[in-house]
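Below is one structure, written out as structure tokens; comments come after it.
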Amino acid sequence: VTKQDYVSVAAQTSRGSGRAHEDLVAVVAELSDGSVANHLVNWLSPLKERQTVVTGERGAFIADTLTAVLSFYANGAVSSEWEAVRNFRGVSEGDVTRFAIPRREPLMVEHEHFRDALLGTSDDIVTLREGLRTVE
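With our numbering as the guide, the letters of the sequence shown map in order to residues 3 to 138.
Pasting the structure below:
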């Protein structure tokens with residue numbers, strides 16, 4: 003979303019259901035421009051959450067990867083007249099913009115990208131160097 007590199011990452015996982023793989027991951031990261039991102043994937047809760055939030059100086063992007071919805075919550079220009087609430091809540095909420103993103107069946111998209119990689123027609127292949135940088 004921001005095209006920024008990760009500077010630091012901290013994460014916590016859980017295997018609350020007793021399965022072999024994690025059921026929950028919560029990640030907090032700092033990006034190279036100073037933005038803070040957090041990712042939450044939670045299969046344990048009855049409320050299924052798949053959100054990535056990137057908070058910057060002008061607002062926050064929220065990507066719901068379960069429903070393929072991307073929204074931008076701008077910082078508000080109007081502050082609350084109620085001082086106690088203003089101090090507790092911090093930045094006020096401004097305009098919310100929901101971006102139209104084509105929704106396609108994820109497995110079909112994955113297969114198409116795999117096919118394109120095999121045919122050498124894809125131009126958005128992640129290099130080994132980029133992959134290494136992600137896990138460093």
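Ideal placement from N, C-alpha and C gives every residue a C-beta, glycine not left out.
Treat the numbers as computed from the prediction; the structure is a model and nothing was measured.
Item, Value
"DSSP-derived helix/strand/coil call for E95", "strand"
"Three-state secondary structure (DSSP) of V11", "strand"
"Paired residues, beta bridge with I64 - DSSP", "V55, S73"
"Unbroken beta strand (DSSP E) run spanning E32, endpoints", "26-33"
"Where the beta strand (DSSP E) through V43 begins and ends", "38-44"
"Beta-carbon spacing of V98, N77 below 8 Å", "no"
"Beta-bridge pairing of S156 - partner residues as DSSP gives them", "Examination of residue 156 is not possible in this model, given that the chain is present from 3 through 138 alone."
"For A39 and A12, the rounded distance between their alpha carbons", "11 Å"
"Same chain, Cβ closer than 6 Å to A65, five either side skipped, listed in chain order", "T54, L72"
"Check whether N9 and E32 have beta carbons under 8 Å apart", "Note on identity: in this sequence residue 9 is Val, with Asn being the wrong assignment. Yes, Cβ-Cβ distance for V9 and E32 is below 8 Å."
"Integer-rounded CB distance, given that V56 should sit under 8 Å from S34", "Not really, about 12 Å apart at Cβ, beyond 8 Å."
"Same chain, Cβ closer than 6 Å to E51, five either side skipped, listed in chain order", "L42, N44"
"Contact under 8 Å by Cβ, I103 with A70", "yes"
"Reduced DSSP secondary structure (H/G/I, E/B, other) of R106", "coil"
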